[in-house]
Structure formats: structure tokens, C-alpha cells
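Just below is one structure, and these are the notes that go with it.
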Amino acid sequence: MNNPIWVMSSAFPTLTLDQLIEKTVEIGAQGIDLCVFRRDGTRSDHIATHLDYENFTPDSASRLLDQFNKHGLKLSIGAFENLIGGDPVQRRNNQNHLLRLIRMAYLLGGDENDVKVGTFVGYNHELGNQEGGFQKNLDEYVKVFEPIIKYAEDLGVSILYENCPMEGWRPTTYTGTFNNLTGVLAARKLIYELIPSPNHGEIYDPSHDVWQHTDPVEVIRETDMTRLKRIHVKATRNKHNKARTYWGGMYSMQTLDADLATRAGVPLPEHEWARQNYECLMPGFGGSDSHDWRAFCDVLKERGFTGPFEMENEADLSKGTGNMAATVQGFKATTLFLAPMLWPLSDNGYSYNRENECSLKNVQRTDKPIVTMEKLAG
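Position 239 of the sequence shown, counted from 1, bears residue number 246 in the numbering used here, the numbering being contiguous throughout.
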């Protein structure tokens, strides 16, 4: 294998683009997945916005491509929001923001430069709570995404869905923790059948399946490899604690009357993301995790995957410390951890081989006006 290793910029929300590039070079990575979240968005866990999406022009794209070529880096862009559910105003804002990102990717060369757009699908709980709710969410997905994918296809851009169920996306007073349709392989298979366009695919993060007690190796064996374009790299360490004993490994912890829980000696979730009894790690940094990375990389090699491994740092012992040095250490440790599994052995040890690598094409695309969902529907 000779897969590039990238940095996902979500771990560096306070850095400028120049500072982010400097850190990426220091880490020894070959690319950046640039997070471009809405500045007026509703998420508090991910807020990084490393490109000016409101004033992005062909000249902006040209300068960005030159900047990344200067440092020998590749790129993609993305924002991960609920596009089919939640507050209707925010939902529409998220949809329109995704259309902005597709236009930006087009100006950056789109699929010609392997510049993809990462996103979530999200979930509509008003539909999901009804009988046949999962099918109704699939129908809502088609309604929303069919014009979006057609727009992306016309511009030569592919959008990619991440598989995080977003288990902490709703308050702990809600029973369920499935908040993103593409959180299971079945849904991903179904949406490609519903919209057969080649211009959508997936970013697969094995850590999300690990806490669901699903083997990522078997998921890759069942995955349509023409759809798999990126791997997100972060690790899950499943906890074997009192909370797991009381609530089990399948169901999420529930919020209930605190006094009753105290009298009964039953543990309660501390916050929205503390419901499934696992710890986020960076592979190779701060302890072993509950996933066989060697077997995972082997099956990807067996199935011919050549795309980037994007390090997404949400680790308690790295990004979670709030310490910049510890955050960078986590990225560096994971790069070294992955190197023997992804890179050939050379006189310099295991290192990425740039021999056949091409620079990003400065495509000088003709500008396209910003579109909205209303314009696409009209």
C-alpha cells in the first residue's frame, strides 16, 4: 500500500489556514480535509471554518491550489450537519451551505483533483417516530438529495457521507441515539440503489462501528469499493465499567429522575456524548483500542483501496486536553502507527512514496453563481 495520510482540520479550529498547513507539514501528513462549517451553525462540537465560503471566487481557488502545491499537499472540503431533519430553518441553511461547498469544490477542480465534499445526511425524527419511520427517512433523503447530487454531478463533484450515527446529537432525555441515516451499512447500500449516480459515496470511520459491536473488517468486505473514497482514522476503546453492566452494550444510557437513580444506585449519563460507554483515542497514542487496525488495513489493501486515511482527532488524551502540543502529538503518533501498514519500507524507514504523485491542477474554472435549494427546485 502507499495510501496518503491526511489531517482533518476539525482539531484546529483556532488556527489560520497558514498555521494549519504548517502543523500538517510538521505532522508529516500529505493532505488536509478542510472543515468549512457554517459560522452561524448550531453545532458546538465542531466549529472549524478554514475557508471563506461567503467570498470564494475562481481567484480564491487558484491561490489555494498554488498554496497546497507549494507544500506538496492535497485537499478536500466538508461540513457535517443534519440535512433532512431538525429545525426546518437550520435544515434549509445546511442544505444551502452544502451547495456552496459543491460550487467551491468545482472551482478547485472537483473530481479531476480528487477534491470531494464531506457531509452527513442526518435524520428526521418526526418521520422516524412514525410507523415505517426508517423507510420514510429514506424517502426524505431522496427528496432532498436527488437535486443536490444532480447539481454535483453537473459540476463534476462528488459528495461523501460519513457513517457516524451522531449518538450525542440529541439530549439524553431522548431514548434513541441514531441521528444520521448513513450510520449503518444497510442505509448506505440503500441510498446508492435509490440514487444510482456515481457522484456520491462515503467516508468510512471504523470507530463508529466498533462501539456498535460491528466488525469493520466485515463491513469493508460488504462495501461497494467504487463508493469508498476516504477512511477516517480515530479509535474507540470500549469501556467495561459499571454503566455497561447496568445498561448493557447494545442500548444507550438513559436520563431519568436523578433522585430515583441515586436511591437505586443506577449510573446516569454525564452528558450527551457519554451514553455508549466508550473512549475516543488516536490509534497508537495513549493505549490500545478495541479495533484490529492491522486486519482492517489488510482488507482494504486486499480490496484495492488507494484513497487517503484522514486522521480525525477527537481523542480524550489528545484534542480533548485542549493542549495544542498534545493535539499535535496525537497526530504524529498515529502517523507513525499507520506507517508500517500503509507505506513501503525505504532507506528512511516506512515513508510515503511520492514518485508517481501528481500536483493539483490549477484548473482555472469559469465561475458559477451560488445556487439555493429554492433555485434548484424552480
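All residues carry an ideal CB built from backbone N, CA and C; glycine is no exception. Since the model is a prediction, treat every value here as computed from it, not as a measurement.
Here A242 is near P290, since their CB atoms are less than 8 Å apart. If you draw a straight line from the Cα of R282 to the Cα of S259, it comes to about 5 Å.
Distances from the CA of A55 to each of R45, F63, T64 were compared; the closest alpha carbon is that of R45. Within the same chain, Cβ atoms closer than 8 Å to the Cβ of K246 are found at N284, Y285, E286, the five residues on either side in sequence being excluded. The DSSP-derived three-state label of Y285 is strand. Fully enclosed beta strand (DSSP E) runs of no fewer than 3 residues occupy 81-85 of the region 76-122, in order along the chain.
For L324, the secondary structure class from DSSP, reduced to helix, strand or coil, is coil. In this structure, the alpha-carbon of P20 lies about 11 Å from that of M331. For A194, same chain residues with a beta-carbon under 7 Å away, outside a window of 5 residues either side, are L188 in chain order. Taking 8 Å as the cut-off, the Cβ atoms of T230 and I166 do not count as close. Look at the beta carbons and you see the region 293-308 touching the region 210-219: at least three pairs across the two are nearer than 8 Å.
At a Cβ-Cβ threshold of 8 Å, E153 and I202 count as neighbours. For K236, the uninterrupted beta strand (DSSP E) segment begins and ends at 235-240.
In this structure, the straight-line span from the alpha carbon of L263 to that of G337 is close to 36 Å.
F303: not part of any beta strand (DSSP E); member of the alpha helix (DSSP H) spanning 300-309, first to last residue.
The three-state secondary structure of N144, taken from DSSP, is helix. With the rule of 3 Cβ pairs closer than 8 Å, the region 86-102 does not count as touching the region 370-377. Under DSSP, S358 shares a beta bridge with no residue. By the criterion of a C-beta distance shorter than 7 Å, L115 is surrounded in its chain by A68, L71, L72, V122, once the five residues flanking it on both sides are discounted. Taking all protein chains shown into account, N131 has 16 or more neighbouring C-beta atoms within 10 Å of its C-beta and is therefore buried.
For I39, the enclosing beta strand (DSSP E) covers residues 38-42. Rounded to the nearest whole angstrom, the CA to CA distance from S366 to N120 is 9 Å. Residue range 249-254 is occupied by the alpha helix (DSSP H) that includes W254. Taken atom to atom, the span from the alpha-carbon of T49 to that of K326 is near 21 Å. For the pair of segments examined, the region 350-362 was found not to touch the region 102-118: the number of CB pairs separated by less than 8 Å stays below three.
By the criterion of a C-beta distance shorter than 8 Å, A265 is surrounded in its chain by L275, once the five residues flanking it on both sides are discounted.
By the CB criterion at 8 Å, T179 and E321 fall outside the cutoff.
For L167, the uninterrupted beta strand (DSSP E) run begins and ends at 166-169, by DSSP. E209 is not a Cβ neighbour of M15, given a cutoff of 8 Å. Bounds of the alpha helix (DSSP H) holding E229 are 223-229.
When secondary structure is reduced to three states using DSSP, E133 falls in the helix class. For E317, the enclosing beta strand (DSSP E) stretches over residues 316-318.
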